[in-house]
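First up is the structure itself, then whatever we jot down about it.
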Amino acid sequence: MIITGDDSFGLEVSQNSDGYYLSQAKYASDLLSRAGITDSKIVSTPLELNCKLTLLDGTPLNDPTLYRQLVGSFVYLTITRPDISYAIYLVSQFMSAPRSTHFSAVLRILRYIKGTLFYGLHFSATSSLVLSGYSNVDWAGDLIDCRSTTGYYFFLGNSLISWRSKKQTVVARSSTESEYRALADATSELLWLR
Numbered sequence: 005m006i007i008t009g010d011d012s013f014g015l016e017v018s019q020n021s022d023g024y025y026l027s028q029a030k031y032a033s034d035l036l037s038r039a040g041i042t043d044s045k046i047v048s049t050p051l052e053l054n055c056k057l058t059l060l061d062g063t064p065l066n067d068p069t070l071y072r073q074l075v076g077s078f079v080y081l082t083i084t085r086p087d088i089s090y091a092i093y094l095v096s097q098f099m100s101a102p103r104s105t106h107f108s109a110v111l112r113i114l115r116y117i118k119g120t121l122f123y124g125l126h127f128s129a130t131s132s133l134v135l136s137g138y139s140n141v142d143w144a145g146d147l148i149d150c151r152s153t154t155g156y157y158f159f160l161g162n163s164l165i166s167w168r169s170k171k172q173t174v175v176a177r178s179s180t181e182s183e184y185r186a187l188a189d190a191t192s193e194l195l196w197l198r
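Structure representation (structure tokens):
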């Protein structure tokens, strides 16, 4: 079964005895074709290890249109692809003035998507109804404004039901402060889910 409101945004839902599986393989494939990544090599991670991007990396793009279109399309793809959430969060910070190194990061994300085209979300039919979550933060990880990035994931049994990667609104003065802020965000989401 395929659920879609528009052929370009195909959200594919399949069902079997294990449960439901949501993916956007056709959408991702169309995105790769639009970017011209049909014959490129694949990579095993969406970002290079310890990838840090700043406003002044590389040279300005002559025409940032493709960059903006791809990043906007990535945002939609995170509906079923939480594995790329942080990478998309990172490259989306440069929409107003993207540069060559930012575009290189986008191309790497595309190569990762090509190698993981059929990744998606699985909702198990036999999963328990135990709610569990994980939270983490990188203290002052943003090189531009020194703010920390909070990330969390929540599972119902073994099915991922909620996730987030977002920059904190203030600069934390210590790693402990940033951890408490991340924990507060995760707790707020947990209370809403319960």
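Per this note's numbering, the sequence shown starts with residue 5, numbered consecutively. Just so you know, even glycine gets a beta-carbon here, dropped at the ideal spot from N, CA and C.
Exposure label - residue i; buried when at least 16 CB within 10 Å
i, result
"I92", "buried"
"V79", "exposed"
"A32", "buried"
"T173", "exposed"
"T84", "buried"
"V141", "buried"
"V110", "buried"
"Y184", "exposed"
"S152", "buried"
"S12", "Reliability fails at S12, whose pLDDT of 48 lies under 50, so the model's placement of it is uncertain and the value that follows must be treated cautiously. So S12 ends up on the exposed side."
"V95", "buried"
"G40", "exposed"
"T154", "buried"
"S182", "buried"
Whether residue i touches residue j by CB criterion (9 Å)
i, j, result
"T102", "L65", "As written in the sequence, residue 102 is Pro, which differs from the Thr given in the question. Yes, they are a contact pair."
"K118", "L36", "yes"
"F158", "L114", "no"
"L15", "R38", "no"
"F1", "S27", "Residue 1 lies beyond the residue range present for the chain, which begins at 5 and ends at 198; the question has no answer from this structure."
"A129", "S21", "yes"
"S89", "R168", "yes"
"S139", "A190", "yes"
"G23", "S166", "no"
Nonlocal neighbours in the same chain, by C-beta distance under 8 Å from residue i, ignoring five residues either side
i, result
"T105", "L57, D61 and G62"
Contact set for residue i: own chain, Cβ-Cβ below 7 Å, skip 5 residues either direction
i, result
"A188", "none"
"L164", "P86, L125 and Y157"
"F107", "L65 and Y71"
"V134", "G161"
"L147", "K56 and T58"
"T82", "I88, S89 and I92"
"G145", "S152 and T153"
"D67", "none"
Bounding residues of the alpha helix (DSSP H) (the contiguous stretch that carries residue i)
i, result
"Y3", "The first residue shown for the chain is 5 and the last is 198, placing residue 3 beyond what the model contains."
"S152", "Premise fails: S152 is in no alpha helix (DSSP H) and is neither H nor E."
"V95", "S89 to S96"
"S77", "T69 to L81"
Identified DSSP bridge partners for residue i
i, result
"S182", "Its beta-bridge partners do not exist; DSSP assigns none."
"F159", "S136 and L164"
"P64", "R103"
"K170", "T154"
"N20", "G23"
"D142", "T153"
"S128", "G23"
Residues of its chain near residue i, where Cβ-Cβ distance is below 6 Å and the 5 sequence neighbours each way are ignored
i, result
"S18", "Y25"
"S179", "W143"
"G9", "With a pLDDT of 44 at G9, under the threshold of 50, the modelled position of this residue cannot be trusted; read the value that follows with caution. Closer than 6 Å at the Cβ level, and outside the excluded window around G9, lies no residue."
"I4", "Missing from the structure shown is residue 4; the chain here goes from 5 to 198 and no further."
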